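Chemist: Dropping a structure here in structure tokens format, bear with me for questions.
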Amino acid sequence: MSSKNPLRSPVGKKLITGITGLGLVVFVLMHMIGNLSMFTGSDAYNEYAHFLAGLGPVLYAMEVAIVAFFLFHIVNGIQIWLGKRKARPVGYDTYRSAGKPSQQSTSSRSMIITGSILGIFLVIHIISFKFGPGGPGNADAAYVTNVGGTEMRDLSKLVLEKFGSPFYAFGYTFVMLLLITHLRHGIWSALQSLGAMRPSLTPLVYGVGAVLGMLIGLGFIALPLAIYFHLI
Ligand code: HEM
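Residue numbers (numbering that gives the first Met the number 0): 0 to 231.
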């Protein structure tokens with residue numbers, strides 16, 4: 000029996016994935032810019048994290064929204080992929096792009112793989128940093144610092160420690176490269192689903208996705224590598 004709810008249709012699912020995906024792009028962009036404050040010094044980074052923690056209920060509301068966006072994005076993304084598999088249970092022998100104007104590319108076919116790895120990364124990431132030493136429910140006097148007379152979590156110490164290890168520095172670099180391919184296709188696809196695309200706009204919108212994805216990914220990669228190679 001087919002569902003009457005338009006949001007449960009394949010187009011509705013693409014819309015939900017696109018809208019939540021664009022919301023997450025705003026989040027990762029802000030997060031990446033926030034991380035770059037570490038280049039101006041540990042105190043600036045700790046003060047920024049302390050300012051966010053001080054937002055209290057506003058921060059909780061933002062966190063609930065981010066979790067909801069991730070969940071809707073992941074669930075709908077998996078359903079789209081399952082729907083496509085059902086439509087073509089036997090894969091292509093040789094997978095070739097349809098060529099222009101098709102925007103099928105390696106990243107568009109690998110969304111489920113890059114997305115799944117990013118999902119696993121996210122769980123490890125939140126456990127390592129947000130709930131790491133000095134974080135909520137994990138008080139640790141060694142990760143408390145004093146900046147300008149105010150006691151706060153020494154998040155900078157944790158970040159410096161983690162990215163001193165090759166596992167974290169290069170693991171993060173690898174995952175951020177996957178993030179670039181995920182965003183490159185995702186931003187383009189979301190804008191297309193939202194109808195923002197007329198054929199004449201295709202190259203521009205595709206370019207925006209590629210450039211924004213690259214900027215966000217490289218902005219993230221800068222910190223682990225700079226720390227690992229003692230550049231900061
Ligand atoms: C080099 C890359 C990254 C670094 C160094 C980094 C660093 C951090 C740190 C230190 C925190 C803890 C913040 C706090 O407790 O105040 C955090 C939280 C978080 N990060 Fe990242 N992050 C990176 C990449 C990413 C990416 C790519 C995503 C998403 C795909 C992401 C999603 C999150 C989320 C959802 C939180 C929890 C935010 C909250 O609940 O307040 N991070 N990150």
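Note that the Cβ used here is the ideal one computed from N, Cα and C, for glycine as well. Just so we're clear, the structure is a prediction, and the values are computed from it rather than from any experiment.
1) Using 10 angstroms around the beta-carbon of K99, count the other beta-carbons present and answer buried if the total reaches 16, otherwise exposed.
2) Go ahead and pull the three-state DSSP assignment for R197.
3) Less than 8 Å separating the Cβ of V27 from some heavy atom of the ligand HEM?
4) Pick helix, strand or coil for N137, following the three-state DSSP scheme.
5) Across which residues does DSSP place N145 in a beta bridge pair?
6) Mapping the DSSP letters down to three states, classify K13 as helix, strand or coil.
7) Taking the continuous alpha helix (DSSP H) assigned at G82, which residues delimit it?
8) Please state whether the Cβ-Cβ distance between G218 and N45 is less than 9 Å.
9) For I73, which residues from the same chain have a beta carbon less than 8 Å from its beta carbon, with the 5 sequence-adjacent residues on both sides left out?
10) Given 8 Å as the limit, tell me if G170 has its C-beta closer than that to any heavy atom belonging to the ligand HEM.
Modeler: For this structure:
1) Taking the sequence shown and counting its residues from 1, the one referred to as residue 99 is at position 100. Below a pLDDT of 50, predicted positions are generally treated as unreliable, and K99, at 48, falls in that range; the measurement from the model is reported next regardless. The residue is exposed, with fewer than 16 neighbouring Cβ atoms inside 10 Å.
2) To locate residue 197, count along the sequence shown from 1; it is residue 198. Coil at R197, not helix or strand.
3) As a position in the sequence shown, residue 27 is number 28, starting the count at 1. Yes, since a heavy atom of the ligand HEM falls inside the 8 Å radius drawn around the Cβ of V27.
4) By 1-based counting over the sequence shown, the position of residue 137 is 138. Of the three classes helix, strand and coil, the one that applies to N137 here is coil, per DSSP.
5) By 1-based counting over the sequence shown, the position of residue 145 is 146. According to DSSP, which records beta bridges pairwise, N145 is partnered with E150.
6) Against the sequence shown, residue 13 aligns to sequence position 14. If DSSP states are grouped into helix, strand and coil, K13 belongs with the helices.
7) Your numbering for residue 82 matches position 83 in the sequence shown. Where G82 is concerned, the enclosing alpha helix (DSSP H) stretches over 56-86.
8) Taking the sequence shown and counting its residues from 1, one reaches residue 218 at position 219. Taking the sequence shown and counting its residues from 1, one reaches residue 45 at position 46. Cβ atoms of G218 and N45: not closer than 9 Å.
9) Along the sequence shown, read from residue 1 onward, the residue named residue 73 stands at position 74. Same-chain partners within the cutoff: G114, G118.
10) In the sequence shown, residue 170 corresponds to position 171, counting from 1. No, Cβ of G170 sits at least 8 Å from all heavy atoms of the ligand HEM.
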